[in-house]
Amino acid sequence: AQKVTQAQTEISVVEKEDVTLDCVYETRDTTYYLFWYKQPPSGELVFLIRRNSFDEQNEISGRYSWNFQKSTSSFNFTITASQVVDSAVYFCALSEDSNSGYALNFGKGTSLLVTP
Amino acid sequence: GAVVSQHPSRVICKSGTSVKIECRSLDFQATTMFWYRQFPKQSLMLMATSNEGSKATYEQGVEKDKFLINHASLTLSTLTVTSAHPEDSSFYICSASGQPPGAQYFGPGTRLLVL
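If you're matching them up, the sequences are chains Y and S in order.
Per this note's numbering, residue 546 is the first one in the first sequence, and the count goes up by one each step.
Per this note's numbering, residue 840 is the first one in the second sequence, and the count goes up by one each step.
And the structure:
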């Protein structure tokens with residue numbers, strides 16, 4: 546069963562628009578971690594954020610913000626005033642305490658295209 | 840800190856040959872390392888969990904005799920694709936568990952093309 550669902554396969558926006566990437570996860574663990582990664586065409590994963598299950602405080606980092614809601618099992622990612630350089634595939638991922646070593650379960654990714 | 844390297848970054852080989860990919864944690868010790876595979880336009884899928892000094896744990900559907908994993912030290916894990924075939928062409932990425940708990944540090948990946 547898919548533990549991380551990214552329902553949006555592709556999103557296309559015009560530069561300076563705000564865009565939200567959705568992520569819904571499924572777990573029975575009380576201790577777990579959620580991640581967002583950016584993967585540009587080069588392939589290398591760029592770490593964006595890691596959030597543990599006990600910290601529901603939303604976070605903002607520059608133009609990036611994350612909304613973690615345990616009640617809806619969601620961890621959405623918003624880019625404000627998008628730029629062309631934001632074009633990439635974004636992955637949401639989950640690691641669980643019950644999964645030895647905390648291997649990551651990745652969503653299928655959302656491909657974001659920002660056009661000038 | 841927490842840097843993971845992979846070597847080679849890109850490899851092209853003939854069908855039937857074996858290819859070894861190295862994953863190193865450069866500035867920390869990693870008891871556990873992971874190997875993921877990513878086919879074009881798909882997500883990353885866990886292949887196996889590599890624990891230092893013990894046998895790797897493979898995910899369902901991954902052939903352990905084909906993808907040999909060795910984790911002989913706390914800073915090095917290797918993945919050997921034996922008798923590679925064109926369908927093994929993929930992007931292979933390793934990661935290492937580190938601090939804080941739950942943190943994962945990814946290598947830059949290795950693109951394998953089997954002709």
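Using N, Cα and C, we set each Cβ at its ideal position, and we do this for glycine too.
Contact holds between the segment 851–865 of chain S and the segment 902–916 of chain S, because three or more Cβ pairs, one in each stretch, are under 8 Å apart.
With respect to the 9 Å criterion, S/F873 and Y/L649 are classified as neighbours on the basis of their beta carbons. Taking C-beta separations shorter than 6 Å and ignoring five residues to either side along the sequence, the partners of S/H846 in its chain run E861, following chain order. Close CB contacts of S/I851 within its chain, under the 7 Å cut and outside five residues either way in sequence, are with L952 and L954 (chain order). Annotated three-state conformation of S/V842 is coil, per DSSP. The beta carbon of S/K903 lies closer than 6 Å to those of Y897 in the same chain, with the five residues before and after it left out. Burial check for Y/I605: the Cβ neighbour count within 10 Å stays below 16, so the residue is exposed. Secondary structure note for Y/Q584: its beta strand (DSSP E) is the uninterrupted segment Y577 to Q584. Going by C-alpha positions, Y/E555 is about 42 Å away from S/G892. DSSP, read as helix, strand or coil, puts S/K880 in coil. Counting other Cβ atoms within 10 Å of its Cβ, S/H910 reaches 16 or more and is therefore classed as buried. About 11 Å separates the beta carbons of Y/I624 and Y/W611, which is beyond the 8 Å limit, so they are not a contact pair. Under the DSSP assignment, Y/N603 falls outside any beta strand (DSSP E); it carries neither an H nor an E label. In the DSSP assignment, Y/C637 falls within the beta strand (DSSP E) that extends over A633 to E641.
For S/A911, no Cβ of chain Y is located within less than 9 Å of the residue's own Cβ.
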